[in-house]
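Undergrad: Chains A and B are the protein sequences, given in the same order. Take the first sequence: its letter number 4 is residue 4 in this note's numbering, and every next letter is one higher. Each position in the second sequence, counted from 1, maps to that position plus 495 in this note's numbering.
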Amino acid sequence: MDFHGYETDQFYDELIAADGKPRAEARLLIEHINAMSSNELRHRQKAAERALHQQGITFSVYGNKKGTEKIFPFDILPRIITAKEWAVLEKGMKQRIKALNLFINDIYNDQKILDDNVIPRDLVLSSDCYLKECQGLTPPKGIWIHITGTDLVRDDSGEFYVLEDNLRCPSGISYVLQNRSILKRTLPKAFQAMGALPVSDYGDHLYETLRHLAPDGIKNPNVIVLTPGIYNSAYYEHSFLAQQMGVPLAQGSDLIIINDHVMLRTTRGFEQVDVIYRRIDDEFLDPEVFNKDSLLGVPGIMECYRKGNVALANAPGTGIADDKAVYAYVPQIIKYYLGEEPIIKNVPTFICDDKKDRDHVLANLESLVVKAVNLSGGYGMLIGPVSTAEEREEFAKKIQENPRDYIAQPTLALSRTPTIIGDSIEGRHVDFRPYILFGKSIFVLPGGLTRVALTKGSLIVNSSQGGGSKDTWVLGGEPKSIMHESENKGEPANA
Amino acid sequence: MLSRVASSIYWMSRYLERADNVARFIDVNARLVLDMGWERDKAQWEPLVRTTGDEDNFKKRYKTFDEKNVVRFLTFDEKNPNSILACVQHARENARTVREIISSEMWESINALYHLVEKHSRKRKLDDLQEFFTLVHNANHHFAGLIENTMSHNEAWHFARMGRLLERADKTARMLDVKYFLLLPDGEFVDSPHDTVEWGAVLKSVTGFEMYRKQFHRAQYRNVSQFLILDPQFSRAIRFCIETTARSLEIVTSELGIKVKASEEMQKLQMSLDTADVDTILNNGLHEFIDMFQFNLNVVDNALYQAFFALDKKQATAKIIAHNEV
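As structure tokens, then:
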């Protein structure tokens, strides 16, 4: 099993150039893999999977009684991002987060951007994600989007685009950290030689970001993580983050409101909570304000938040900038607030609410990807080129009935990267989700989640639909020379 | 710490200990069958189910109390909430909710135990479980080492210890009770060679034979009772378990700076063991003594629940901790 006979098939490949030769930044890694026997590579892949299983890093598969726990498939061949590429991405994401934060604050307060007709007022105010309950609110320190996981993709020219902003409760960071810790053991020599930047201090950065939000005058704020509970598919991550920060992991039933303060029920009595990293969606957060049937949230928590007695991360209401129709206007948003051109481009987007765009979409369904504006995770989507006439008809009907709920984008030829498939190495499509923290300043973790569509030809990377993940090495500079793993087995990684 | 977390740690620990003890139960009976040279179909298996209090559950799904059924019921029957498989599942679910409190090593150890038990549960044949039981015991010893060495001996640790030792006290008592039931109908057996063999089996099942011998040399009814009920130094003896639990409770309440009713109930239980004398216990009936002990154990368990785990504490009575105290 090696790279001989590997085909890029006209796609942009993350490690191999169009002429079939390794890209400069990947050369050492590929030589290193080629120097290993098939058995050894297979053995390392199996060992990594075993480690994930042992650590119980699993997700639940519903409706399947025996063996309901599966590991999120992990491929040991890392994806590489060069220092030069990263410098641009980092700058671009900081720019985007800064602008989106100003946008959300403006929408819930002065609405200047609407008065100036940069975005149609109706489009924004008609969004399901616009929360009138947040009107007039400015969250602590003016920050709304503390934690973001932006989805980026690369097209066949190799250029990065923002696909989705994920400003609500983005998940996946735990896989970034676990994948790295496992890969450091799997390919220690290669990792050391390549000089990838560390990601393991994410917990410290997250804790500092959250602490920064504490109400004024509290020297030693009580920070907690709020989870819907063990049956949530991301529970492992909630618990992992609480552990990384050394803070309590609470469920809604652990909290109670006393005199407009959020209190934690403890063995000693009630303890005041100052900052909540909540992994519960807006609509389930407070049954007194949002979804009345929610058992996950805390009745009365919004009132404490309004009074400034507790900080919530992310702030309720950020979904307005996550609406896929609003997304189409992000380039204008960046220009409006910052007076700058966007550093990372948007994927061209047709807004079905607009008559001209709608007609174009309806006439070209077989070449476009249609998405519901308020859904994520690969749900509510039509991928034109692989759709049936029946599916297209169904979507055409939906679009005509509720044009505001849909947008469409050209089908991108997503980049591919070498992946171990059975006994060979083949190209598979990937996306990339870096994580951004907004506290005292904006921090972009040098790394991220590379999701890979393991099914041949598939463009869907979601774990629920046959996706896996890879470690992502953001290089700090030029790779050094490499010593082969097999020459010196068992020596621990130095990183 | 969070009330829910304290409760989960306590139960994680209790369920692990329970799984270990169910394995010991079956083991001691299997040894007896061998040692006594009973015909396999005449061997008594019913008392095992009776003492775990799950008779009704058993009768719903099994016809006879034979070895095959009882062992199936106690090891891998998912519908028996006290089977080894169910206990390990509960322990793991509880551990999952407190994964950020316990060490990663502890979580991985419980996870590995779960996979081990789950794998064995899929085997069709149930002969020769000896090796399986040894694996379960070793996993528990391993876990005990991890909790000792990879976790701070903090409040959570003390709740884990209380759960483990209260469960152990309960199960040592039940084990004595099973043996008592099997033996006493035939009074002439007392202190006969058979008797020595049987009590030896009981001691072995709690890995206490060697420690016992250092004090009493010969396995015999009275002394084994003395050892397993009243010894203050052997870690599976009832008195040791209760005294150690009481110490943990005292440390927790003094660190939290609170007074709870559970402390009084605990003291009462301790006192009843301090003033007990083995001959009086045996004269009045071991079974009666164990019955009373278990009743008091439930009182303590319930008091712990009220003091620390209950989520519906009345606002007026619970203390609100000012911010600078946190």
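Note that CB positions come from ideal geometry on N, CA and C, so glycine has one too.
Indicate whether at least one CB of chain A lies closer than 8 Å to the CB of Met766 (chain B).
TA: Residue mapping note: residue 766 (chain B) aligns to position 271 of the second sequence, counting from 1. Not one chain A Cβ lies under 8 Å of Met766 (chain B).
Undergrad: Ala234 (chain A) versus chain B: which residues are under 7 Å apart at the beta carbon?
TA: Mapped onto the first sequence, residue 234 (chain A) falls at position 234. Chain B residues near Ala234 (chain A): none, gap ~13 Å exceeds 7 Å.
Undergrad: Can you say whether Met496 (chain B) is buried or exposed, counting buried as having 16 or more other CB atoms within 10 angstroms of its CB?
TA: For this step, residue 496 (chain B) is matched to residue 1 along the second sequence. Buried.
Undergrad: Note down, in chain order, all residues in the region 242 to 255 of chain A with a beta-carbon under 8 Å from any beta-carbon belonging to chain B.
TA: Those residues of the region 242 to 255 of chain A that come within reach of chain B (Cβ to Cβ, closer than 8 Å) are Ala242, Gln243, Pro248, Leu249, Ala250, Gln251, Ser253 and Asp254.
Undergrad: To the nearest angstrom, how far is the alpha carbon of Leu698 (chain B) from that of Tyr707 (chain B)?
TA: Here residue 698 (chain B) corresponds to residue number 203 of the second sequence, with the count starting at 1. Here residue 707 (chain B) corresponds to residue number 212 of the second sequence, with the count starting at 1. The alpha-carbon atoms of Leu698 (chain B) and Tyr707 (chain B) are separated by roughly 8 Å.
Undergrad: Rounded to the nearest angstrom, what separates Pro446 (chain A) and Leu137 (chain A) at their Cα positions?
TA: As a working note, residue 446 (chain A) is residue 446 in the first sequence. As a working note, residue 137 (chain A) is residue 137 in the first sequence. Distance between the alpha carbons of Pro446 (chain A) and Leu137 (chain A): 32 Å.
Undergrad: Does the pairing of the region 586 to 596 of chain B with the region 507 to 516 of chain B give three or more beta-carbon distances under 8 Å?
TA: Yes: at least three Cβ pairs fall under 8 Å.
Undergrad: Measuring only between beta-carbons, confirm whether Ile746 (chain B) sits less than 8 Å from chain A.
TA: For this step, residue 746 (chain B) is matched to residue 251 along the second sequence. Not one chain A Cβ lies under 8 Å of Ile746 (chain B).
Undergrad: Looking only at its own chain, which residues have a Cβ that is under 8 Å from the Cβ of Thr417 (chain A), when we skip the five neighbours before and after it?
TA: Residue 417 (chain A) sits at position 417 when you count from the first residue of the first sequence. Excluding positions up to five away in sequence, the list reads Asp13, Glu14, Leu15, Leu77, Arg79, Gly427, Arg428, Val430, Thr450, Val452 and Lys470.
Undergrad: Sort A:Tyr6, A:Gly56 and A:Leu197 by Cα distance to Gly477 (chain A) and report the nearest one.
TA: Here residue 477 (chain A) refers to the residue found at position 477 of the first sequence. Out of A:Tyr6, A:Gly56 and A:Leu197, A:Leu197 has the C-alpha closest to the C-alpha of Gly477 (chain A).
Undergrad: So, is the C-beta of Thr570 (chain B) closer than 8 Å to a C-beta in chain A?
TA: In the second sequence, counting from the first residue as 1, residue 570 (chain B) sits at position 75. For Thr570 (chain B), the answer is no, since every Cβ of chain A falls outside 8 Å of its Cβ.
Undergrad: Just to confirm, does Ile579 (chain B) get its C-beta within under 7 Å of one of the non-hydrogen atoms of the ligand FMN?
TA: As for the ligand FMN, it is missing from this structure, which has no ligand bound.
Undergrad: Can you tell me whether Glu237 (chain A) is helix, strand or coil according to DSSP?
TA: Position 237 of the first sequence holds residue 237 (chain A). Helix.
Undergrad: Checking contacts by CB at 8 Å: is Gly63 (chain A) closer than that to chain B?
TA: In the first sequence, counting from the first residue as 1, residue 63 (chain A) sits at position 63. With a pLDDT of 47 at Gly63 (chain A), under the threshold of 50, the modelled position of that residue is not reliable, and no figure is offered here.
Undergrad: Could you tell me which whole beta strand (DSSP E) segments of length 3 or greater appear in the region 305 to 391 of chain A?
TA: Taking only runs of at least 3 residues, the beta strand (DSSP E) segments lying wholly in the region 305 to 391 of chain A are 311 to 313, 368 to 372 and 381 to 383.
Undergrad: Does chain B have any CB closer than 8 Å to the CB of Leu296 (chain A)?
TA: Working through the first sequence from its first residue, we reach residue 296 (chain A) at position 296. Not one chain B Cβ lies under 8 Å of Leu296 (chain A).
Undergrad: Going by C-alpha distance, which of B:Asp786, B:Asp796 and B:Leu725 is nearest Asp774 (chain B)?
TA: Counting from 1 along the second sequence, the entry for residue 774 (chain B) is found at position 279. For Asp774 (chain B), the nearest C-alpha among the options comes from B:Leu725.
Undergrad: Could you check where the beta strand (DSSP E) with Trp473 (chain A) kicks off and where it finishes?
TA: Translated into positions along the first sequence, residue 473 (chain A) becomes position 473. Per DSSP, Trp473 (chain A) belongs to the beta strand (DSSP E) from Gly467 to Val474.
Undergrad: Here's the rule: buried if 16 or more other CB atoms are within 10 angstroms of the residue's CB, otherwise exposed. What is Leu125 (chain A)?
TA: Looking up residue 125 (chain A) in the first sequence gives position 125. Exposed: under 16 other Cβ atoms inside 10 Å.
Undergrad: For a contact meaning CB atoms closer than 7 Å, what does Trp506 (chain B) contact in chain A?
TA: If you number the second sequence from 1, residue 506 (chain B) lands on position 11. Within chain A, no residue comes near Trp506 (chain B); the closest Cβ sits about 14 Å away, beyond 7 Å.
Undergrad: Anyone know if the C-beta pair for Asn606 (chain B) and Gly229 (chain A) falls short of 8 Å?
TA: As a first step, residue 606 (chain B) is located in the second sequence; it is residue number 111 there, counting from the start. As a first step, residue 229 (chain A) is located in the first sequence; it is residue number 229 there, counting from the start. Against a cut-off of 8 Å, the Cβ pair of Gly229 (chain A) and Asn606 (chain B) comes out as no contact.
Undergrad: What's the gap between the Cα of Gln10 (chain A) and the Cα of Ala17 (chain A)?
TA: Here residue 10 (chain A) refers to the residue found at position 10 when the first sequence is read from its first residue. Here residue 17 (chain A) refers to the residue found at position 17 when the first sequence is read from its first residue. Taking the straight line from one Cα to the other gives about 10 Å.
Undergrad: Using three-state DSSP, classify Leu529 (chain B) as helix, strand or coil.
TA: For this step, residue 529 (chain B) is matched to residue 34 along the second sequence. Reduced to three states, the DSSP call for Leu529 (chain B) is helix.
Undergrad: What did DSSP end up calling Lys70 (chain A) once you bin it into helix, strand or coil?
TA: In the first sequence, the residue the question calls residue 70 (chain A) occupies position 70. Strand, per DSSP.
Undergrad: Could you give the uninterrupted runs of the beta strand (DSSP E) lying entirely in the region 432 to 465 of chain A, keeping only those of 3 residues or more?
TA: Runs found: 435 to 438, 442 to 444 and 449 to 453.
Undergrad: Skipping 5 residues on each side, what residues in its chain have a beta carbon closer than 6 Å to that of Phe568 (chain B)?
TA: The count along the second sequence starts at 1 and reaches residue 568 (chain B) at position 73. Phe553 and Asn575, listed in sequence order.
Undergrad: Do Val118 (chain A) and Gln409 (chain A) count as a contact pair if the criterion is CB distance below 8 Å?
TA: In the first sequence, residue 409 (chain A) corresponds to position 409, counting from 1. In the first sequence, residue 118 (chain A) corresponds to position 118, counting from 1. No, Cβ-Cβ distance for Gln409 (chain A) and Val118 (chain A) is not below 8 Å.
Undergrad: Strictly below 7 Å CB to CB, what residues from chain B border Ser239 (chain A)?
TA: Taking the first sequence and counting its residues from 1, one reaches residue 239 (chain A) at position 239. Those within 7 Å of Ser239 (chain A) in chain B are Arg594 and Glu595.
Undergrad: Taking 8 Å as the CB-CB cut-off, is Gly56 (chain A) touching chain B?
TA: The sequence position of residue 56 (chain A) within the first sequence is 56, counting from 1. Closer than 8 Å to some Cβ of chain B, the Cβ of Gly56 (chain A) qualifies, so yes.
Undergrad: Straight-line CA distance for Ala328 (chain A) to Phe284 (chain A)?
TA: For the purposes of this step, residue 328 (chain A) is identified with residue 328 of the first sequence, where counting begins at 1. For the purposes of this step, residue 284 (chain A) is identified with residue 284 of the first sequence, where counting begins at 1. Whole-angstrom Cα-Cα distance: 27 Å.
Undergrad: From Glu512 (chain B) to Glu394 (chain A), what does the alpha carbon distance come to, in whole angstroms?
TA: On the second sequence, position 17 is the one that residue 512 (chain B) refers to. On the first sequence, position 394 is the one that residue 394 (chain A) refers to. Their backbone Cα atoms lie some 57 Å apart in a straight line.
Undergrad: Using DSSP bridges, identify the partner residues of Ala607 (chain B).
TA: The sequence position of residue 607 (chain B) within the second sequence is 112, counting from 1. Partner(s): none; Ala607 (chain B) has no beta bridge.
Undergrad: For Phe169 (chain A) and Ile147 (chain A), what's the separation of their Cα atoms in angstroms?
TA: Locating residue 169 (chain A) in the first sequence gives position 169, where the first residue counts as 1. Locating residue 147 (chain A) in the first sequence gives position 147, where the first residue counts as 1. Per the sequence shown, the amino acid found at residue 169 (chain A) is Cys instead of Phe. Those two C-alpha atoms are separated by around 8 Å.
Undergrad: Pick from B:Glu550, B:Leu543 and B:Lys555: whose alpha carbon is nearest that of Val566 (chain B)?
TA: Numbered from its first residue, the second sequence carries residue 566 (chain B) at position 71. Checked all of B:Glu550, B:Leu543 and B:Lys555; the closest Cα to Val566 (chain B) is B:Leu543.
Undergrad: Would Ile230 (chain A) count as contacting chain B if we go by Cβ distances under 8 Å?
TA: Indexing the first sequence from 1 puts residue 230 (chain A) at position 230. Judged by the 8 Å Cβ criterion, Ile230 (chain A) is in contact with chain B.
Undergrad: Output needed in chain order: residues of the region 598 to 617 of chain B with a Cβ under 7 Å from some Cβ in chain A.
TA: So the close ones are Trp602, Glu603, Asn606 and Ala607.
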